[in-house]
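Structure representation (structure tokens):
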């Protein structure tokens, strides 16, 4: 209901069509992999040094139980990308959580065309 007046029913039906949803789900299958131990949507990250708050659209963590692991940061986009945004998220995560220093961090923009 919230977006009905903004987009209109026809546009919303197009956005959420079976084809668009399948395309979205197939863009990056790793996002929906069962390998992740922890999955957070709208994860709030606070940078105490810069006194800034960030919101990560999707944060996934895989622990290898040996002090190493993987982190995957996904930013959903309906418009332009800002590569520095994902670099900032990764940097703030590493400096905030010292136990993640041996984790590999991957980032990705997942675009969804609504216009």
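In our numbering, the protein residues as written are 46 to 160. Where is the CB? At the ideal position from N, CA and C, for every residue including glycine.
* Excluding sequence positions up to five away, which residues of its chain have a Cβ less than 8 Å from the Cβ of residue 135? -> Excluding positions up to five away in sequence, the list reads 116, 118, 150 and 152.
* Beta-bridge pairing of residue 152 - partner residues as DSSP gives them -> Bridge partners of residue 152: 118.
* Could you give the distance in angstroms between the alpha-carbon of residue 137 and the alpha-carbon of residue 156? -> Their backbone Cα atoms lie some 23 Å apart in a straight line.
* Can you name, in chain order, every residue of its own chain whose Cβ lies under 6 Å from the Cβ of residue 85, other than the five neighbours on each side? -> Closer than 6 Å at Cβ, skipping near neighbours: 104.
* Asked: Apart from the five residues just before and just after residue 82, which ones in its own chain have a Cβ nearer than 7 Å to its Cβ?
  -> By the criterion of a C-beta distance shorter than 7 Å, residue 82 is surrounded in its chain by 106, 107 and 108, once the five residues flanking it on both sides are discounted.
* Does the distance from the C-beta atom of residue 182 to that of residue 141 stay below 9 Å? -> In this structure the chain extends from 46 to 160, so residue 182 is not present and cannot be described.
* Counted within 10 angstroms of its Cβ, other Cβ atoms place residue 114 as buried (16 or more) or exposed -> Buried: at least 16 other Cβ atoms inside 10 Å.
* Asked: Using DSSP with H/G/I as helix, E/B as strand and the rest coil, what is residue 82?
  -> In the structure shown, residue 82 sits in coil (DSSP, three-state: anything other than H, G, I, E or B).
* Under the three-state reduction of DSSP, which class applies to residue 106: helix, strand or coil? -> In the structure shown, residue 106 adopts extended strand secondary structure according to DSSP, grouped into three states.
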